[in-house]
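For the sequence shown, position 148 matches number 154 in our numbering, and the numbering has no gaps at all. We put the CB at the ideal spot given by N, CA and C, even for glycine.
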Amino acid sequence: MTVVVRRGSAQDVRFLRDMLHHAYYWKERAPDAGPGPVQLYVKAWGRPGDAAVIALEEGFPVGAAWFRLFRESAQGYGFVDESTPELAIAVVPNARGKGVGGKLLEALLERAREEGFAAVSLSVDKRNSGAIALYRQHGFEQVGETDDSLTLRATLAGDR
Ligand SMILES: CC(C)(COP(=O)(O)OP(=O)(O)OC[C@H]1O[C@@H](n2cnc3c(N)ncnc32)[C@H](O)[C@@H]1OP(=O)(O)O)[C@@H](O)C(=O)NCCC(=O)NCCS
7 MTVVVRRGSA QDVRFLRDML HHAYYWKERA PDAGPGPVQL YVKAWGRPGD
57 AAVIALEEGF PVGAAWFRLF RESAQGYGFV DESTPELAIA VVPNARGKGV
107 GGKLLEALLE RAREEGFAAV SLSVDKRNSG AIALYRQHGF EQVGETDDSL
157 TLRATLAGDR
């Protein structure tokens, strides 16, 4: 399988929205938990601090990873501070377990480094052991916890 990772753009918003449902299905099942994932992680895509990478297999999108900066007053689920973007990642079900997620995560962390961020964070369902294993492999450590989720953060080499 040949997988290529390219930068995402405003044209990829529909795909990001589709992939977000995979990443935050557990939040969608709890509609009283504040703003929904699409509102938080995709709406008005393209604002400063937004970045995405898309994985293509034979030219077709099979996964995405992206990050976004949040304000103290309007936080994402894995908020740490206003200079730490939060990431989301998902691979389509039939392309999982073949290294696509790892490639996406590496590409996105590289992008965050290039843009001068010192760290990135995320929120993950405590039961999502596959994703947690992937994040730990890439240097993420737990910095917070709620009933159903963990907040993880990775410090990036080459800090500004
Ligand atoms: C999490 C996700 C993005 C991983 O993508 P993937 O392409 O399957 O991941 P990879 O094949 O690159 O796996 C990389 C590593 O992740 C870990 N991993 C991934 N899925 C796993 C699983 N189901 N069980 C255990 N470990 C898993 C392994 O450590 C693996 O390393 P290895 O291949 O050396 O064992 C994908 O499973 C997914 O889209 N899940 C649904 C969305 C989601 O949960 N997103 C995260 C929300 S916070």
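Heavy atom of ligand 1 less than 6 Å from the Cβ of residue i, yes or no?
i: Ile138; result: no
i: Val126; result: no
i: Gly103; result: yes
i: Asn100; result: no
i: Ala113; result: no
i: Gly150; result: no
i: Ile95; result: yes
i: Ala50; result: no
i: Gly122; result: no
i: Gly40; result: no
Please work out which residues of its chain come closer than 8 Å, Cβ to Cβ, to residue i, disregarding the five sequence neighbours upstream and downstream, and give them in chain order.
i: Glu88; result: Leu75, Phe76, Arg77 and Glu78
i: Pro99; result: His28
When the Cα atoms are used, what is the spatial distance from residue i to residue j?
i: Glu109; j: His28; result: In the sequence as displayed, the identity of residue 109 is Lys instead of Glu. Rounded to whole angstroms, Lys109 to His28 spans 18 Å at the Cα level.
i: Asn134; j: Tyr141; result: 11 Å
i: Phe73; j: Val10; result: 19 Å
i: Leu46; j: Gly82; result: 6 Å
i: Ala163; j: Val44; result: 30 Å
i: Phe123; j: Glu112; result: 15 Å
i: Gly42; j: Asp18; result: 19 Å
i: Asp153; j: Tyr30; result: 15 Å
i: Ile26; j: Arg119; result: The question names Ile, but residue 26 in the sequence shown is Leu. The straight-line gap from Cα to Cα measures roughly 23 Å.
i: Val106; j: Ala125; result: 22 Å
i: Ala137; j: Glu121; result: 24 Å
i: Lys33; j: Gln143; result: 24 Å
Just to confirm my understanding: we take residue i, look at its own chain, exclude 5 residues before and 5 after, and list those with CB closer than 7 Å. What are they?
i: Glu147; result: Leu158 and Arg159
i: Met7; result: Glu63 and Lys104
Just to check my reading of the structure: residue i and residue j have Cβ atoms closer than 8 Å, yes? What is that Cβ distance to the nearest angstrom?
i: Val59; j: Leu22; result: No, Val59 and Leu22 are not in contact; Cβ-Cβ is about 11 Å, not under 8 Å.
i: Ser127; j: Gly84; result: 5 Å
i: Ala94; j: Val68; result: Wrong, their Cβ atoms sit about 16 Å apart, outside the cutoff.
What does a CB cutoff of less than 6 Å around residue i pick up in its chain, not counting 5 residues either side in sequence?
i: Val86; result: Ser127 and Arg159
i: Asp24; result: none
i: Val149; result: Thr157 and Arg159
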